[in-house]
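2 protein chains.
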Amino acid sequence: MFNNRIKVKALLAGEPAGQQATVMGWVRTFRNNQFVALNDGSTNNNLQVVLELGKFDDTLLKRITTSAALKVTGTVVASQGKGQKLELKADTIEILGDSDAEKYPLQPKKHSLEFLREKAHLRFRTNTFGSVFRIRHSLAFAIHKFFNEKGFVYLHTPIITASDAEGAGEMFRVSTLPFDNPPRREDGTIDFSEDFFGRATNLTVSGQLEGELGATAFGEIYTFGPTFRAENSNTARHLAEFWMIEPEMAFCDLEDNANLAEEFIQYIIRYAMEHNADDLEFLRQRLLEEEKAKPQTERSELDLIQKLEFVVNNQFERITYTEAIDILLQSNHYKKKKFQYDVSWGIDMQSEHERYLVEKHFKKPVIVTNYPKDIKAFYMRQNEDGKTVAAMDILAPGIGEIVGGSQREERLERLEQRMTEMNIPHEELWWYLDTRRFGTVPHAGFGLGFERIVQFVTGMSNIRDVIAFPRTPKSAEF
Amino acid sequence: MFNNRIKVKALLAGEPAGQQATVMGWVRTFRNNQFVALNDGSTNNNLQVVLELGKFDDTLLKRITTSAALKVTGTVVASQGKGQKLELKADTIEILGDSDAEKYPLQPKKHSLEFLREKAHLRFRTNTFGSVFRIRHSLAFAIHKFFNEKGFVYLHTPIITASDAEGAGEMFRVSTLPFDNPPRREDGTIDFSEDFFGRATNLTVSGQLEGELGATAFGEIYTFGPTFRAENSNTARHLAEFWMIEPEMAFCDLEDNANLAEEFIQYIIRYAMEHNADDLEFLRQRLLEEEKAKPQTERSELDLIQKLEFVVNNQFERITYTEAIDILLQSNHYKKKKFQYDVSWGIDMQSEHERYLVEKHFKKPVIVTNYPKDIKAFYMRQNEDGKTVAAMDILAPGIGEIVGGSQREERLERLEQRMTEMNIPHEELWWYLDTRRFGTVPHAGFGLGFERIVQFVTGMSNIRDVIAFPRTPKSAEF
């Protein structure tokens with residue numbers, strides 16, 4: 000047995016009572032041949048390890064370099080230094096792994112986020128990414144906890160799918176056919192019946208349709224898994240591979256859906272605030288520092304933690320799409336022609352419009368409902384006005400859309416009619432239509448982009464900095 | 000707001016005090032125009048809804064068919080019937096969705112598992128699959144809870160990967176290139192630099208290598224995500240797409256690793272036993288029923304719940320690979336030539352050998368350690384005997400291998416030498432080798448096949464019956 004250590008976070012939470020302790024971690028800094036700041040990833044707060052002068056060999060001291068791995072046994076005593084309650088007075092030090100300080104890619108200085116993206120295999124060892132990924136963990140756990148407490152069943156919907164009916168975007172082909180010389184039919188087309196699954200398959204863009212199968216049996220289910228878009232969008236907001244949470248609820252209408260989404264978002268943010276106070280404080284400071292580079296007028300009115308407090312303590316604004324368009328049309332922004340894209344009823348709102356609504360007009364998350372049917376998917380419930388569907392998007396300051404959802408069209412005839420209008424092949428979705436044939440019920444659901452909410456909570460402006468190893472056009476490193 | 004219902008599980012857990020309640024669910028059976036067994040997926044236990052004779056229209060009564068969806072408001076009263084504490088005396092009944100009893104694919108009779116696999120979109124509505132997927136949910140939640148309590152960070156390792164170095168099996172190609180006419184280089188080979196990621200990419204077979212990057216920063220991480228094998232194995236034990244849990248721990252040796260795996264498996268089984276007692280009891284009965292078709296000698300000595308109790312209350316057996324081979328060689332089974340495959344030191348044990356060890360010899364889960372290096376992966380830590388590596392497999396009765404893990408080779412030179420021997424390109428894994436260059440530490444981890452543990456806990460013999468929509472050769476329906 001090797002692992003007899005106490006984690007730094009647990010040690011720092013205790014009292015300095017002269018007890019013995021063994022810690023293991025990586026050197027962040029080593030000052031005056033005396034003070035090691037040791038980090039083991041459990042917290043950004045380093046443990047100060049104090050080396051009595053003369054007690055350790057010079058050869059050992061020379062090996063205490065940035066990122067070297069140490070095992071230290073010593074006595075936990077009250078700290079003389081400021082900023083820390085306790086420190087570890089070292090009795091024995093073992094170098095577990097050396098680190099050539101000159102070759103180590105992360106020097107003890109500030110690196111740009113762009114640089115760290117190229118060192119994604121090591122960036123977890125920085126305070127920024129330590130905080131981001133511990134918060135990401137907490138949010139993921141809070142998501143499971145929230146749904147588990149409500150009795151939702153966690154459903155793993157398929158990643159590889161033969162269905163491309165949702166039409167949410169371009170898809171990645173999954174295949175074992177050889178590109179070099181794929182089997183062909185007599186007419187020269189590719190013979191996918193020879194492929195692994197006996198047909199053409201893709202990576203899923205959403206688990207919703209399968210999620211509805213679960214909801215109409217278990218009542219309430221959620222998914223939490225990877226989804227994919229083969230869109231050539233090289234922006235700070237897009238990933239080709241990202242994680243999505245998709246709850247789906249039977250016996251649920253659009254209002255229930257919006258209520259759940261709001262409660263859910265507030266719950267998981269509150270959870271992170273309670274469990275990651277240190278990490279959020281670090282990121283708050285980081286963001287303030289970053290904002291210093293901006294002109295006063297572009298800085299946020301609220302700091303990171305104030306922003307989160309505001310979101311958990313205030314109801315989200317709820318407006319219809321029609322009201323949203325009216326607000327835009329009546330804005331000075333519009334009248335002064337400051338929008339790049341025109342505004343009229345029926346448009347698919349652009350990012351600039353959404354940002355105006357949440358950042359300038361309401362200054363809080365907004366739930367927009369009842370969009371024109373022509374800009375929304377076939378499965379959304381048709382409203383009685385003949386023009387709109389029971390859709391909802393949740394827009395958040397600084398991020399834009401974090402949730403997209405709807406009440407689903409549970410009426411077989413209406414659904415089939417809409418599928419015909421939108422050229423969705425009925426036979427491919429026979430199983431989906433069966434739920435409307437046998438005990439159909441009002442039901443609804445939504446999708447939350449996990450990286451978007453991690454961005455919102457951590458204040459990171461590039462989505463590539465909130466997922467471990469981002470997948471983007473021309474980049475699949477690590 | 001539509002959703003003012005109480006879930007059946009919650010209602011059944013309360014007392015019949017004459018309170019008003021609204022429930023929504025699907026009809027399982029309707030007897031004597033009086034008794035509806037209503038199920039809403041929260042539990043297999045149906046709510047008995049009692050219709051006073053003459054109170055409801057005949058046209059309504061005719062629409063109360065198997066799988067029709069109802070909204071019922073009524074009074075909760077003590078039940079006269081046996082087997083249930085309370086029932087709902089209906090005041091109003093609303094048909095939310097009809098179900099044509101003659102067309103509904105699941106008739107109120109016993110269907111074979113094979114038949115239900117073809118109706119995977121509806122099989123959640125049966126007691127068997129209701130239980131299986133609620134237990135699957137509980138196990139998934141318990142996994143997150145276990146690691147969260149221990150301070151592990153949940154890491155989402157990439158699904159699309161350019162690395163195929165692990166060599167754990169055949170991989171699926173992921174691409175946006177057109178099969179019809181892919182771009183080619185001058186020498187005629189496919190030009191993957193034109194592909195979405197600028198290189199050839201595949202679906203991951205394991206998140207372990209990336210997991211090690213997380214562990215050597217956060218100390219302890221785990222993954223829980225889909226993994227893929229493009230193997231043409233059409234068996235009851237294999238899926239092309241399955242979910243895997245891969246914890247990875249810094250400062251950890253093989254013994255720590257085995258300890259954690261054992262504690263982990265016992266924890267999640269115990270959690271399911273505490274939270275899914277009804278579902279397990281149903282599956283226990285189901286399995287007893289199934290076993291009646293077998294000859295006495297082939298029936299299990301323990302029933303499902305006794306088996307789980309045995310596993311959570313007894314230590315797993317721990318033996319080395321060398322000891323395992325000795326046991327096999329000295330067995331009567333071997334001496335009577337009952338093994339199909341020969342036994343000698345160095346073999347990759349076949350399923351029949353593993354089953355002999357766990358089912359005949361030890362009759363409990365067995366952790367086998369220190370396998371010959373030639374049958375194991377490059378990253379496993381080399382033992383001092385020069386012949387074996389610090390690997391461990393956990394074998395479970397009835398399932399076979401549920402966990403595969405190892406202490407990792409943390410010594411750069413040894414690792415590089417082994418990679419060279421096994422023709423693993425160093426340059427492709429530069430990032431992996433960096434962890435050994437900069438503060439390397441003893442570390443270890445394992446992978447648990449999620450569907451295998453769901454099978455073990457639910458007693459389902461075919462792996463296709465424990466994942467919602469199985470992906471297997473020539474099959475990607477739904």
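Keeping their order, the protein sequence lines are chains U and W. The numbering of the first sequence is numbering that gives the first Met the number 0, which starts it at 0 and goes up by one. The numbering of the second sequence is numbering that gives the first Met the number 0, which starts it at 0 and goes up by one. Built from N, CA and C at the ideal position, the CB exists for glycine as well.
At a cut-off of 7 Å between beta-carbon atoms, Val173 (chain W) makes contact with chain U. In the same chain as Val152 (chain W), and ignoring 5 residues on each side of it, the C-beta atoms closer than 6 Å to its own belong to Phe217 and Ile220, in chain order. Inside the region 197-228 of chain U, DSSP marks whole beta strand (DSSP E) runs of 3 or more residues at positions 200-202 and 219-227, from first to last along the chain. Leu238 (chain W) and Ala376 (chain W) have their C-alpha atoms some 21 Å from each other.
DSSP places Asn369 (chain W) in the uninterrupted beta strand (DSSP E) bounded by Val365 to Pro371. The beta carbon of Leu105 (chain U) sits closer than 6 Å to the beta carbons of Leu121 from its chain, once the five residues preceding and following it are set aside; these are given in chain order. Not a single CB atom of chain U sits nearer than 7 Å to the CB of Val131 (chain W). If you draw a 10 Å sphere on the C-beta of Trp25 (chain U), you find 16 or more other C-beta atoms in it, and that means buried.
Below the 7 Å Cβ cutoff, chain W contributes Gly150 and Gly218 as neighbours of Ser41 (chain U), in chain order. Sequence-distant partners of Ile318 (chain U) (beyond 5 residues in either direction) whose C-beta falls short of 7 Å from its own C-beta, in its chain, are Val365 and Val367. Nearest to Glu240 (chain W) by alpha-carbon distance, out of W:Ala249, W:Thr226 and W:Val357, is W:Thr226. The beta carbon of Phe250 (chain U) sits closer than 8 Å to those of Gly218, Val440, Pro441 and His442, all from its chain and outside the five residues before and after it, given in chain order.
When rounded, the separation of the alpha-carbon atoms in Leu138 (chain U) and Thr457 (chain U) is 11 Å. Comparing alpha carbon positions, the residue from U:Gln406, U:Asp163 and U:Val71 closest to Lys6 (chain U) is U:Val71.
Going by DSSP, Leu95 (chain U) is part of no alpha helix (DSSP H) but of the beta strand (DSSP E) stretching over Leu85 to Gly96.
Ala67 (chain U) is positioned such that its CB atom lies closer than 7 Å to that of Gly438 (chain W). Per DSSP, Trp344 (chain U) is not a residue of any alpha helix (DSSP H), being assigned neither H nor E. Inter-residue distance for Gly187 (chain U) and Thr222 (chain U) is about 40 Å (C-alpha atoms, whole angstroms). Within the model, the alpha-carbon separation for Leu46 (chain W) versus Lys61 (chain W) is close to 20 Å. DSSP lists W:Arg183 as the bridge partner or partners of Ile189 (chain W).
Membership of His442 (chain W) in the beta strand (DSSP E) is indicated by the continuous run His442 to Gly448. If you draw a straight line from the Cα of Ala89 (chain W) to the Cα of Val75 (chain W), it is about 9 Å long. Residue environment for Asp179 (chain U): exposed (fewer than 16 other C-beta atoms within 10 angstroms of its C-beta). In the three-state DSSP reduction, Met379 (chain W) falls in the strand class (E or B).
A Cβ-Cβ contact shorter than 7 Å links Thr156 (chain U) with Glu209 (chain U). Residue pairing of Ser174 (chain U) in beta bridges, as defined by DSSP: W:Arg172. Looking only at W:Glu322, W:Glu245, W:Glu262 and W:Gln349, the smallest Cα-Cα distance to Asn312 (chain W) is reached by W:Glu262. Here the alpha carbons of Ile346 (chain U) and Thr321 (chain U) stand approximately 11 Å from one another. Secondary structure of Glu247 (chain W) (DSSP, three-state): strand. Between the alpha carbons of Ile92 (chain U) and Arg183 (chain W) lies a distance of about 57 Å. For the 7 Å CB-CB criterion, Asn44 (chain W) and Leu11 (chain W) form a contact. DSSP places Gln106 (chain W) in the coil class of the three-state scheme, outside both helix and strand. Non-local beta-carbon contacts of Glu358 (chain U) in its own chain, meaning distances under 6 Å to residues more than five positions away in sequence, involve Pro396 in chain order. Of all residues in the region 250-267 of chain W, those with a C-beta nearer than 7 Å to a C-beta of chain U are Phe250, Cys251, Asp252, Glu254 and Asp255, reading in chain order. Where Asn38 (chain W) is concerned, the enclosing beta strand (DSSP E) starts and stops at Phe34 to Asn38.
Apart from the 5 residues on each side of it in sequence, Pro15 (chain W) sits with its Cβ closer than 6 Å to the Cβ of Val75, Val76, Ala77 and Leu85 in its chain, given in chain order.
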